[in-house]
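To start, the structure under review is shown below, and the notes come after it.
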Amino acid sequence: MSRLEHFSERLNTLVRHTSGMLTAGISVLVFLEVLFRYVLDQPLDWSEEMSTFAFAWMCLLGASVGLRYDEHPRLDIFFSRFPESAQKIARIIINFAIIFMLVVLLVYGYKLTVMMKMQRTAALGYSVSFVYAVLPISALIMLVHIIVQTIALFRRTPDKD
């Protein structure tokens with residue numbers, strides 16, 4: 321296993337645990353919001369905002385986990401009809417398209433994060449850049465994973481058709 325593959329796996333483990341903690345945190349926040357709003361009649365001002373932000377982080381970090389395990393959507397029914405060498409070429413082209421989109425997300429996500437640093441959230445008063453930071457962070461994580469997959473595709477030799 322190369323250093324990049326090892327780094328990708330360790331990074332994925334960290335992201336999986338972080339996503340799990342975010343999921344648990346969202347569950348607790350929503351439970352508390354319902355409890356305080358409907359049972360105690362004292363709604364929490366900040367819980368809905370915090371759970372929304374945690375959900376955004378969980379989704380984009382979770383997308384990187386899905387990409388690491390090669391679970392992103394693609395047309396398997398269509399590509400499975402091709403010979404393996406054509407499937408490999410198609411996967412490489414798709415991976416380069418994903419890399420391009422992730423670089424765009426990384427660059428413009430970073431610009432958006434910096435641009436929003438002075439804006440504050442309504443209930444918590446946090447910088448909105450905290451929320452937008454998930455865009456370049458998740459794009460960078462996904463770039464690591466897709467580069468590892470693309471290198472592995474180049475190294476793999478297709479079976480004889």
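If you're matching positions, the sequence shown starts at 321 in my numbering and goes up one per residue.
Heads up, the beta-carbon is just placed ideally off N, CA and C, and yes, glycines get one too.
First and last residue of the alpha helix (DSSP H) that includes residue i?
| i | result |
| --- | --- |
| M436 | Neither: M436 is in no alpha helix (DSSP H) and is coded neither H nor E. |
| D396 | D396 to F399 |
| E329 | R323 to V354 |
| H392 | Here H392 belongs to no alpha helix (DSSP H), and DSSP marks it neither H nor E. |
| R388 | S367 to R388 |
| V455 | According to the sequence as given, residue 455 is Leu; it is not Val. V454 to R475 is the extent of the alpha helix (DSSP H) around L455. |
Assuming residue i and residue j make a contact with CB atoms under 8 Å, what is their CB distance in whole Å?
| i | j | result |
| --- | --- | --- |
| S384 | I471 | No, S384 and I471 are not in contact; Cβ-Cβ is about 17 Å, not under 8 Å. |
| A443 | W366 | 4 Å |
| F375 | V464 | So it is not a contact: roughly 23 Å between Cβ atoms. |
| P456 | T433 | 6 Å |
| K408 | L473 | 6 Å |
| L364 | F356 | 5 Å |
Which term fits residue i, buried or exposed, when burial requires 16 or more other beta carbons within 10 angstroms of its beta carbon?
| i | result |
| --- | --- |
| T333 | exposed |
| V335 | buried |
| L324 | exposed |
| Y389 | exposed |
| L360 | exposed |
| F373 | buried |
Per the DSSP calculation, residue i is bridged to which residue(s)?
| i | result |
| --- | --- |
| S447 | R440 |
Quiz prompt | the stretch 379-393 contacting the stretch 338-352, beta-carbon criterion three pairs below 8 Å | solution = Because the criterion of three Cβ pairs below 8 Å is met, the stretch 379-393 and the stretch 338-352 touch.
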